[in-house]
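Following: one structure in structure tokens, then a few remarks.
Residue numbers (this note's numbering): 6 to 232.
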């Protein structure tokens, strides 16, 4: 009788420990309640940062009647324009207007008044709950809303009020549904990362995990009683 009592006591202790562990898992898994899970206030990045070119970006140059100088060229890892002649021009950490001045000076070696047009394109990663997650090549001045649209727009699970912008090692949360806010007018910078998060669901995020853990608790209780 004493042995059975000790065994039952050990079993109850083990059951209690498992129950405690599962309850802790339920809290950790489900996270805070919807009322407590408040998002931090939306903070926008500085809007006066220069629109610099970076490695991987593209410059498009069109020179009048000079096809050998025209085309779209990547900026290489060493900061040069990937073209046998333009390669002497350093483009990284410079705005397109400065690169234009350098190209004009270079072309002046072949023509007194070169007639040309230059455009810059930034590499921006758009991912998360969008239909075409990828690295997209976008013009300077493109808004973050337009960048999401270029990625095919949000999926059924996506939420435009839960968008993360990563820029220069900083992270910002944006609400792109607020038509009166500044976030919708925010323009991209080279190297930006945009992530559209999944829409919140109380049932999926809180109720289902709790139901799953409750089922495990019930099984352990039945196991303890059976012994």
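All residues carry an ideal CB built from backbone N, CA and C; glycine is no exception.
Between the CA atoms of residue j and residue i - distance to the nearest angstrom
i: residue 88; j: residue 56; result: 22 Å
i: residue 60; j: residue 184; result: 34 Å
i: residue 152; j: residue 205; result: 22 Å
i: residue 75; j: residue 68; result: 6 Å
i: residue 4; j: residue 136; result: With the chain covering only 6 through 232, there is no way to say anything about residue 4.
i: residue 133; j: residue 126; result: 22 Å
i: residue 52; j: residue 191; result: 7 Å
i: residue 148; j: residue 196; result: 14 Å
i: residue 91; j: residue 70; result: 17 Å
i: residue 172; j: residue 119; result: 36 Å
i: residue 178; j: residue 194; result: 16 Å
i: residue 141; j: residue 187; result: 23 Å
i: residue 108; j: residue 82; result: 19 Å
i: residue 58; j: residue 138; result: 22 Å
i: residue 106; j: residue 189; result: 32 Å
i: residue 181; j: residue 146; result: 17 Å
Run of the beta strand (DSSP E) containing residue i, from where it starts to where it stops
i: residue 183; result: Careful: residue 183 lies outside any beta strand (DSSP E) and carries neither H nor E.
i: residue 130; result: 121-133
i: residue 164; result: 163-172
i: residue 141; result: 139-143
i: residue 200; result: 198-203
i: residue 146; result: Residue 146 -> no beta strand (DSSP E), and no H or E assigned at all.
i: residue 78; result: 76-79
i: residue 71; result: Residue 71 -> no beta strand (DSSP E), and no H or E assigned at all.
Status (buried if at least 16 other CB within 10 Å, exposed otherwise) for residue i
i: residue 157; result: exposed
i: residue 117; result: exposed
i: residue 94; result: buried
i: residue 167; result: buried
i: residue 80; result: buried
i: residue 131; result: buried
i: residue 98; result: exposed
i: residue 48; result: exposed
i: residue 5; result: With the chain represented from 6 up to 232, any question about residue 5 goes unanswered, as that position is not in the structure.
i: residue 174; result: exposed
i: residue 129; result: buried
i: residue 122; result: exposed
Delimiting residues of the alpha helix (DSSP H) encompassing residue i
i: residue 107; result: 101-112
i: residue 151; result: 149-155
Cβ-heavy atom distance, residue i to the ligand NAD, below 7 Å
i: residue 114; result: The model depicted lacks the ligand NAD and carries no ligand whatsoever.
The stretch 111-119 / the stretch 161-176 touching (three or more Cβ pairs under 8 Å): no
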